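Shown next, in structure tokens, is the structure this report addresses.
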Amino acid sequence: MIGSKWVILCRRKDFGAHVDMSHNAVFVRIKWIIVLLVTMVLDFLPVPVIGLILLYILLFRPLWFKNAVLEIYAQDGRANHNGADDSD
Numbered sequence: 095m096i097g098s099k100w101v102i103l104c105r106r107k108d109f110g111a112h113v114d115m116s117h118n119a120v121f122v123r124i125k126w127i128i129v130l131l132v133t134m135v136l137d138f139l140p141v142p143v144i145g146l147i148l149l150y151i152l153l154f155r156p157l158w159f160k161n162a163v164l165e166i167y168a169q170d171g172r173a174n175h176n177g178a179d180d181s182d
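Structure below.
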């Protein structure tokens, strides 16, 4: 019964509307996946690279990290870097 409801939800026309991404959004996500994979490989070194990067982000809250998050979660592939809400 639950499986049939899932199939019905998946076949609805508006279900996949939020999944459509621009090419820029796909590129940004792929770029950050590659960055994370490289840092995971570097984490096998004796120095914990990921932990140090996360500590730096938590302590100093750099603007490049905020811009990266805004770029990843941008609705139409355009990031809003000024902090204003563009949901009019």
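Sequence positions in the sequence shown follow my numbering and run 95 to 182. We put the CB at the ideal spot given by N, CA and C, even for glycine. Treat the numbers as computed from the prediction; the structure is a model and nothing was measured.
{"Query": "Terminal residues of the alpha helix (DSSP H) in which ARG123 lies", "Result": "117-136"}
{"Query": "VAL132, buried or exposed, once every other Cβ within 10 Å from all chains shown has been counted against 16", "Result": "exposed"}
{"Query": "CA-to-CA distance, ARG155 to ASN161, given in whole angstroms", "Result": "11 Å"}
{"Query": "Counted within 10 angstroms of its Cβ, other Cβ atoms place VAL122 as buried (16 or more) or exposed", "Result": "buried"}
{"Query": "Where VAL143 falls: helix, strand or coil (DSSP)", "Result": "helix"}
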